[in-house]
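Numbering follows my numbering, with no gaps: position 56 of the sequence shown is 800. We put the CB at the ideal spot given by N, CA and C, even for glycine. Please read all numbers here as calculations on a predicted model, not as lab measurements. Working notes, beginning with the structure itself.
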Amino acid sequence: MHGYYLLPKKPNNPLKLSTVIIKAGPKEYYEAKGVVINYEPGIGWVLILPIIRDEIELLYLDQ
């Protein structure tokens, strides 16, 4: 299972696998490497993340 994070705009290089750091709770931080960026029709550009939460905050995107 995967979670999705909607990006505000098209990334510079959507084909490049990315490294991200996300905040998933008050003291919960994750680093994910090899994250795929995909275009979902009708939604936009999204990160496909290995965790699922109702709300996360993107702190860093290596793009």
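Spatially closest choice to Lys753 from Gly788, Asp806 and Ile792, by CA coordinates
Gly788
If you draw a straight line from the C-alpha of His746 to the C-alpha of Tyr804, how long is it?
19 Å
With DSSP as the reference, label Leu793 as helix, strand or coil.
strand
Test item: CB-CB of Leu751 and Gly778 under 7 Å
no
Taking the alpha carbon of Leu759 as the point to measure from, which residue in Leu802, Glu801 and Leu791 has its own alpha carbon closest?
Leu791
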